[in-house]
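Enquirer:
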Amino acid sequence: MASTTATTFHFPESERLKLEPYLPPSSPPPSRTHPHTTLTFASSLDSLLSLSPGTRTVLSGSASLAMTHYLRSRHDAILIGVNTAIADNPSLNCRLEGVAGYGGEIDDKLHGQPRPVIIDRRGLWDFGESSKVFKLAKEGRGKAPWIFTDRHAVTGERRRVLEEAGGRYVFLDHELDGRYKWVKILGRLKEEGIQSVMVEGITIAPVWLGKGGVGVSPEREDQSKEVARLEGVKWIPLGDDVVCCGRIAG
(Lines of atoms letter the chains of each structure in order from A and count residues from 1; the text may use other names and numbers.)
(Lines give C-alpha, C1' and ligand atoms only; values in the text may rest on other atoms or scores of the structure.)
Protein backbone atom coordinates (compact mmCIF):
# COMPACT_ATOMS: atom_id res chain seq x y z
CA MET A 1 0.00 0.00 0.00
CA ALA A 2 1.30 3.42 -0.89
CA SER A 3 1.92 5.85 1.94
CA THR A 4 0.15 9.18 2.07
CA THR A 5 2.23 12.33 1.54
CA ALA A 6 2.24 15.92 2.74
CA THR A 7 0.27 16.90 -0.36
CA THR A 8 -2.66 14.61 0.45
CA PHE A 9 -6.05 16.32 0.93
CA HIS A 10 -8.86 15.52 3.35
CA PHE A 11 -12.42 16.53 2.45
CA PRO A 12 -14.95 16.09 5.30
CA GLU A 13 -17.99 13.87 4.87
CA SER A 14 -20.25 16.77 5.88
CA GLU A 15 -19.05 18.78 2.89
CA ARG A 16 -19.28 15.82 0.54
CA LEU A 17 -23.00 15.43 1.29
CA LYS A 18 -23.65 19.03 0.18
CA LEU A 19 -22.18 18.28 -3.26
CA GLU A 20 -23.79 14.87 -3.79
CA PRO A 21 -26.90 16.07 -5.72
CA TYR A 22 -24.64 17.55 -8.42
CA LEU A 23 -22.25 14.61 -8.86
CA PRO A 24 -22.37 11.72 -11.35
CA PRO A 25 -24.85 8.94 -10.47
CA SER A 26 -23.44 5.54 -9.60
CA SER A 27 -25.51 4.02 -12.43
CA PRO A 28 -25.77 6.41 -15.42
CA PRO A 29 -28.82 6.08 -17.71
CA PRO A 30 -28.02 3.63 -20.55
CA SER A 31 -29.69 5.91 -23.11
CA ARG A 32 -27.37 8.85 -22.46
CA THR A 33 -25.17 9.62 -25.48
CA HIS A 34 -22.57 11.63 -23.61
CA PRO A 35 -20.92 11.44 -20.17
CA HIS A 36 -22.20 13.25 -17.10
CA THR A 37 -20.33 16.54 -17.45
CA THR A 38 -19.29 18.79 -14.57
CA LEU A 39 -17.98 22.22 -15.56
CA THR A 40 -15.79 23.82 -12.90
CA PHE A 41 -13.63 26.93 -12.67
CA ALA A 42 -12.22 29.29 -10.04
CA SER A 43 -12.77 33.01 -10.47
CA SER A 44 -11.93 36.22 -8.65
CA LEU A 45 -14.51 38.65 -7.26
CA ASP A 46 -14.31 40.56 -10.55
CA SER A 47 -15.07 37.34 -12.51
CA LEU A 48 -11.58 36.76 -13.89
CA LEU A 49 -9.73 33.46 -14.27
CA SER A 50 -6.11 34.67 -14.41
CA LEU A 51 -4.03 37.85 -14.41
CA SER A 52 -3.37 37.59 -18.16
CA PRO A 53 -3.57 34.99 -20.96
CA GLY A 54 -1.14 32.12 -20.38
CA THR A 55 -0.33 33.20 -16.81
CA ARG A 56 -0.89 30.68 -14.04
CA THR A 57 -2.84 32.40 -11.25
CA VAL A 58 -3.59 30.54 -8.01
CA LEU A 59 -7.05 31.51 -6.75
CA SER A 60 -8.38 28.61 -4.68
CA GLY A 61 -7.74 28.25 -0.95
CA SER A 62 -6.85 24.96 0.75
CA ALA A 63 -10.49 23.99 1.44
CA SER A 64 -11.46 24.58 -2.19
CA LEU A 65 -8.45 22.59 -3.37
CA ALA A 66 -9.55 19.68 -1.19
CA MET A 67 -13.00 19.89 -2.78
CA THR A 68 -11.45 19.90 -6.26
CA HIS A 69 -9.56 16.69 -5.53
CA TYR A 70 -12.72 15.08 -4.15
CA LEU A 71 -14.54 16.02 -7.36
CA ARG A 72 -11.72 14.49 -9.38
CA SER A 73 -12.11 11.24 -7.45
CA ARG A 74 -15.78 11.10 -8.46
CA HIS A 75 -15.23 11.45 -12.21
CA ASP A 76 -13.80 9.05 -14.78
CA ALA A 77 -11.94 11.82 -16.60
CA ILE A 78 -10.70 15.38 -16.14
CA LEU A 79 -10.56 17.60 -19.22
CA ILE A 80 -8.55 20.75 -19.94
CA GLY A 81 -7.52 22.74 -22.99
CA VAL A 82 -4.03 23.03 -24.40
CA ASN A 83 -3.51 26.57 -23.09
CA THR A 84 -3.96 25.34 -19.52
CA ALA A 85 -1.58 22.44 -20.18
CA ILE A 86 1.08 24.83 -21.49
CA ALA A 87 0.69 27.50 -18.80
CA ASP A 88 0.33 25.26 -15.73
CA ASN A 89 2.25 22.01 -16.41
CA PRO A 90 -0.64 20.41 -14.46
CA SER A 91 -0.62 17.19 -12.47
CA LEU A 92 -4.24 16.29 -13.37
CA ASN A 93 -4.38 13.61 -10.72
CA CYS A 94 -6.29 13.18 -7.47
CA ARG A 95 -4.49 13.64 -4.14
CA LEU A 96 -7.45 12.83 -1.90
CA GLU A 97 -6.49 10.58 1.00
CA GLY A 98 -7.36 6.96 0.27
CA VAL A 99 -7.17 6.98 -3.53
CA ALA A 100 -4.53 5.05 -5.46
CA GLY A 101 -1.06 6.46 -4.79
CA TYR A 102 -2.21 8.45 -1.75
CA GLY A 103 -2.96 5.77 0.82
CA GLY A 104 -4.78 3.42 -1.53
CA GLU A 105 -3.49 0.40 -3.40
CA ILE A 106 -1.61 1.01 -6.64
CA ASP A 107 -2.98 -1.40 -9.25
CA ASP A 108 -4.01 -1.41 -12.90
CA LYS A 109 -7.32 0.37 -12.17
CA LEU A 110 -5.80 3.19 -10.05
CA HIS A 111 -9.00 3.62 -8.01
CA GLY A 112 -10.00 7.27 -7.59
CA GLN A 113 -7.64 8.59 -10.26
CA PRO A 114 -9.32 10.29 -13.25
CA ARG A 115 -8.12 9.97 -16.82
CA PRO A 116 -6.59 13.30 -17.97
CA VAL A 117 -7.93 14.49 -21.32
CA ILE A 118 -6.16 17.30 -23.20
CA ILE A 119 -7.77 19.09 -26.15
CA ASP A 120 -4.80 19.98 -28.38
CA ARG A 121 -5.90 20.01 -32.02
CA ARG A 122 -2.69 21.51 -33.43
CA GLY A 123 -0.19 19.68 -31.23
CA LEU A 124 1.01 22.78 -29.38
CA TRP A 125 1.68 21.07 -26.03
CA ASP A 126 5.42 20.39 -25.93
CA PHE A 127 5.32 17.66 -23.27
CA GLY A 128 8.04 15.23 -22.29
CA GLU A 129 8.95 12.63 -19.70
CA SER A 130 9.60 15.40 -17.15
CA SER A 131 6.06 16.81 -17.43
CA LYS A 132 4.20 16.35 -14.15
CA VAL A 133 1.37 14.24 -15.54
CA PHE A 134 3.81 11.70 -17.01
CA LYS A 135 6.01 11.52 -13.92
CA LEU A 136 2.95 10.84 -11.76
CA ALA A 137 1.70 8.18 -14.17
CA LYS A 138 5.02 6.33 -13.98
CA GLU A 139 4.93 6.54 -10.17
CA GLY A 140 1.41 5.05 -10.05
CA ARG A 141 -0.06 8.26 -8.63
CA GLY A 142 -2.11 9.22 -11.67
CA LYS A 143 -3.05 8.15 -15.17
CA ALA A 144 -1.39 9.13 -18.43
CA PRO A 145 -3.44 11.48 -20.63
CA TRP A 146 -5.52 11.00 -23.71
CA ILE A 147 -4.80 13.80 -26.17
CA PHE A 148 -7.50 14.82 -28.64
CA THR A 149 -5.71 16.08 -31.73
CA ASP A 150 -5.44 16.02 -35.53
CA ARG A 151 -3.39 13.22 -37.11
CA HIS A 152 -0.89 15.60 -38.73
CA ALA A 153 -0.04 17.13 -35.33
CA VAL A 154 1.53 13.94 -33.92
CA THR A 155 5.33 13.54 -33.70
CA GLY A 156 7.16 10.28 -33.17
CA GLU A 157 8.93 11.30 -29.96
CA ARG A 158 5.77 12.61 -28.31
CA ARG A 159 3.87 9.47 -29.29
CA ARG A 160 6.60 7.37 -27.67
CA VAL A 161 6.48 9.35 -24.40
CA LEU A 162 2.69 9.25 -24.36
CA GLU A 163 2.24 5.57 -25.11
CA GLU A 164 5.06 4.37 -22.85
CA ALA A 165 3.33 6.12 -19.96
CA GLY A 166 0.01 4.44 -20.80
CA GLY A 167 -1.67 7.30 -22.65
CA ARG A 168 -2.72 7.65 -26.27
CA TYR A 169 -3.87 10.01 -28.98
CA VAL A 170 -7.54 10.28 -29.90
CA PHE A 171 -8.14 11.64 -33.40
CA LEU A 172 -11.15 13.79 -34.28
CA ASP A 173 -12.20 15.66 -37.40
CA HIS A 174 -12.49 19.39 -36.79
CA GLU A 175 -15.10 21.77 -38.16
CA LEU A 176 -14.57 24.33 -40.94
CA ASP A 177 -13.69 26.96 -38.33
CA GLY A 178 -10.83 24.73 -37.10
CA ARG A 179 -12.51 23.78 -33.83
CA TYR A 180 -13.87 20.57 -32.35
CA LYS A 181 -17.55 20.46 -31.50
CA TRP A 182 -18.23 19.68 -27.86
CA VAL A 183 -20.89 17.17 -28.86
CA LYS A 184 -18.20 15.23 -30.77
CA ILE A 185 -15.70 15.39 -27.91
CA LEU A 186 -18.22 14.21 -25.34
CA GLY A 187 -19.65 11.59 -27.68
CA ARG A 188 -16.19 10.15 -28.32
CA LEU A 189 -15.44 10.03 -24.59
CA LYS A 190 -18.67 8.08 -24.10
CA GLU A 191 -17.62 5.65 -26.85
CA GLU A 192 -14.32 5.17 -25.03
CA GLY A 193 -16.15 4.13 -21.85
CA ILE A 194 -15.99 7.44 -19.98
CA GLN A 195 -19.21 7.82 -17.96
CA SER A 196 -18.36 11.13 -16.28
CA VAL A 197 -15.99 13.99 -17.06
CA MET A 198 -14.91 17.01 -15.03
CA VAL A 199 -14.05 20.08 -17.07
CA GLU A 200 -11.76 22.07 -14.91
CA GLY A 201 -12.82 24.47 -10.47
CA ILE A 202 -16.72 26.96 -9.65
CA THR A 203 -15.15 28.67 -6.65
CA ILE A 204 -15.04 32.42 -6.12
CA ALA A 205 -11.86 33.65 -4.44
CA PRO A 206 -11.76 36.82 -2.29
CA VAL A 207 -9.40 38.69 -4.62
CA TRP A 208 -9.56 41.21 -7.48
CA LEU A 209 -7.32 40.65 -10.51
CA GLY A 210 -8.04 43.95 -12.30
CA LYS A 211 -7.96 45.06 -15.92
CA GLY A 212 -6.16 42.84 -18.40
CA GLY A 213 -7.24 39.61 -16.75
CA VAL A 214 -8.87 36.66 -18.52
CA GLY A 215 -12.66 36.77 -18.15
CA VAL A 216 -15.01 33.89 -17.41
CA SER A 217 -17.42 34.33 -20.33
CA PRO A 218 -16.66 34.25 -24.07
CA GLU A 219 -18.36 36.59 -26.51
CA ARG A 220 -21.86 35.57 -27.56
CA GLU A 221 -21.94 34.59 -31.24
CA ASP A 222 -25.75 34.65 -31.47
CA GLN A 223 -27.22 37.63 -29.64
CA SER A 224 -30.76 36.30 -30.18
CA LYS A 225 -30.25 33.30 -27.90
CA GLU A 226 -31.35 33.41 -24.29
CA VAL A 227 -28.65 33.76 -21.67
CA ALA A 228 -27.38 30.61 -19.96
CA ARG A 229 -28.89 30.30 -16.50
CA LEU A 230 -28.30 27.98 -13.55
CA GLU A 231 -31.09 26.26 -11.64
CA GLY A 232 -31.04 24.35 -8.36
CA VAL A 233 -28.35 26.75 -7.18
CA LYS A 234 -26.55 26.19 -3.89
CA TRP A 235 -23.84 28.44 -2.39
CA ILE A 236 -21.33 26.64 -0.16
CA PRO A 237 -18.71 28.55 1.89
CA LEU A 238 -15.35 26.72 1.92
CA GLY A 239 -12.67 28.45 3.97
CA ASP A 240 -12.28 31.95 2.50
CA ASP A 241 -13.86 30.90 -0.81
CA VAL A 242 -17.45 30.40 -1.93
CA VAL A 243 -18.60 27.53 -4.17
CA CYS A 244 -21.57 27.96 -6.49
CA CYS A 245 -23.28 24.68 -7.47
CA GLY A 246 -26.04 24.43 -10.05
CA ARG A 247 -27.33 22.81 -13.23
CA ILE A 248 -27.78 24.42 -16.64
CA ALA A 249 -31.46 25.32 -16.96
CA GLY A 250 -33.51 23.87 -19.78
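Residue numbers for the sequence shown follow our numbering, beginning at 327 and rising by one.
Just so you know, even glycine gets a beta-carbon here, dropped at the ideal spot from N, CA and C.
Computed from a predicted model, the values in this text were never measured in an experiment.
Count Cβ pairs between the stretch 489 to 503 and the stretch 416 to 433 that sit closer than 8 Å; are there 3 or more?
Expert: The answer is no - the stretch 416 to 433 does not touch the stretch 489 to 503, with fewer than three Cβ pairs under 8 Å.
Enquirer: So, are the CB atoms of Thr-366 and Glu-557 less than 8 Å apart?
Expert: By 1-based counting over the sequence shown, the position of residue 366 is 40. By 1-based counting over the sequence shown, the position of residue 557 is 231. Not closer than 8 Å, so no.
Enquirer: Given a threshold of 16 other Cβ atoms within 10 Å of its Cβ, counted over all protein chains shown, does Asp-452 qualify as buried or as exposed?
Expert: Taking the first residue of the sequence shown as position 1, residue 452 is located at position 126. Exposed, by the Cβ-count rule.
Enquirer: Using DSSP with H/G/I as helix, E/B as strand and the rest coil, what is Thr-394?
Expert: Looking up residue 394 in the sequence shown gives position 68. Three-state result, Thr-394: helix.
Enquirer: Taking a contact to mean a Cβ-Cβ separation below 8 Å, would you say Ser-390 touches Ala-368 in this structure?
Expert: Along the sequence shown, read from residue 1 onward, the residue named residue 390 stands at position 64. Along the sequence shown, read from residue 1 onward, the residue named residue 368 stands at position 42. Taking 8 Å as the Cβ cut-off, Ser-390 and Ala-368 qualify as a contacting pair.
Enquirer: Helix, strand or coil for Phe-453 per DSSP?
Expert: To locate residue 453, count along the sequence shown from 1; it is residue 127. The answer is coil: DSSP assigns Phe-453 none of H, G, I, E or B.
Enquirer: Roughly how many angstroms lie between the CA atoms of Ala-575 and Thr-364, to the nearest whole one?
Expert: On the sequence shown, position 249 is the one that residue 575 refers to. On the sequence shown, position 38 is the one that residue 364 refers to. If I take the Cα positions, the gap works out to 14 Å.
Enquirer: Out of Lys-344, Asp-476, His-401, His-336, point me to the one whose CA is closest to Ser-353's CA.
Expert: Within the sequence shown, numbered from 1, the residue matching residue 353 stands at position 27. That would be His-401, whose Cα lies nearest to the Cα of Ser-353.
Enquirer: Can you give the Cα-Cα distance for Gln-439 and Arg-484, rounded to whole angstroms?
Expert: Mapped onto the sequence shown, residue 439 falls at position 113. Mapped onto the sequence shown, residue 484 falls at position 158. Whole-angstrom Cα-Cα distance: 23 Å.
Enquirer: Relative to the C-alpha of Pro-442, which residue among Ile-520, Lys-507, Ala-479 is closest?
Expert: On the sequence shown, residue 442 is found 116 positions in, with the first residue counted as 1. Looking at the Cα atoms, Ile-520 is the closest of the given residues.
Enquirer: Rounded to whole angstroms, what is the Cα-Cα separation between Gly-468 and Val-459?
Expert: Indexing the sequence shown from 1 puts residue 468 at position 142. Indexing the sequence shown from 1 puts residue 459 at position 133. Whole-angstrom Cα-Cα distance: 7 Å.
Enquirer: Taking all protein chains shown into account, do 16 or more other C-beta atoms lie within 10 angstroms of the C-beta of Thr-359, making it buried, or fewer, making it exposed?
Expert: Within the sequence shown, the letter at position 33 stands for residue 359. Burial call: exposed.
Enquirer: Where does the unbroken beta strand (DSSP E) through Leu-403 begin, and where does it stop?
Expert: Indexing the sequence shown from 1 puts residue 403 at position 77. Reading off the sequence shown, one finds Ala at residue 403, where the question assumed Leu. 403 to 407 is the extent of the beta strand (DSSP E) around Ala-403.
Enquirer: At the level of alpha carbons, what is the spacing between Thr-394 and Val-569?
Expert: Working through the sequence shown from its first residue, we reach residue 394 at position 68. Working through the sequence shown from its first residue, we reach residue 569 at position 243. Cα-Cα distance, rounded: 11 Å.
Enquirer: Which of helix, strand or coil does DSSP assign to Tyr-428?
Expert: For the purposes of this step, residue 428 is identified with residue 102 of the sequence shown, where counting begins at 1. DSSP places Tyr-428 in coil when its eight states are reduced to three.
Enquirer: If you run the structure through DSSP and keep just helix, strand and coil, what is His-362?
Expert: Here residue 362 refers to the residue found at position 36 when the sequence shown is read from its first residue. DSSP places His-362 in strand when its eight states are reduced to three.
Enquirer: Quick check on the burial criterion: 16 or more other C-beta atoms within 10 angstroms. Buried or exposed for Leu-418?
Expert: Here residue 418 is taken as the residue at index 92 of the sequence shown, counted from 1. Leu-418 is buried by the Cβ-count criterion.
Enquirer: Can you tell me where the beta strand (DSSP E) holding Ile-562 begins and where it ends?
Expert: By one-based count along the sequence shown, residue 562 stands at place 236. Per DSSP, Ile-562 belongs to the beta strand (DSSP E) from 556 to 564.
Enquirer: Pro-351 by DSSP, collapsed to three states: which one?
Expert: Indexing the sequence shown from 1 puts residue 351 at position 25. Looking at Pro-351 - three-state DSSP - the assignment turns out to be coil, as it is neither helix nor strand.
Enquirer: Where does His-336 land, buried or exposed, given buried means 16+ other C-beta within 10 angstroms?
Expert: Numbered from its first residue, the sequence shown carries residue 336 at position 10. Under this definition His-336 is an exposed residue.
Enquirer: Quick check: the Cα distance between Arg-448 and Pro-347, rounded to an integer number of angstroms?
Expert: Position 122 of the sequence shown, counting from 1, holds the residue named residue 448. Position 21 of the sequence shown, counting from 1, holds the residue named residue 347. Distance between the alpha carbons of Arg-448 and Pro-347: 37 Å.
Enquirer: Starting from Arg-494, follow the beta strand (DSSP E) in both directions and report where the run begins and ends.
Expert: Position 168 of the sequence shown, counted from the first residue, corresponds to residue 494. Taken as a continuous stretch (DSSP letters only), the beta strand (DSSP E) holding Arg-494 covers 494 to 497.
Enquirer: Start and end of the alpha helix (DSSP H) containing Ile-447?
Expert: Translated into positions along the sequence shown, residue 447 becomes position 121. Checking the displayed sequence, the identity of residue 447 turns out to be Arg instead of Ile. First-last for Arg-447: undefined, no H or E at that position.
Enquirer: Just verifying my parser: in three-state terms, what is the DSSP assignment at Leu-502?
Expert: One-based indexing of the sequence shown puts residue 502 at position 176. Coil, per DSSP.
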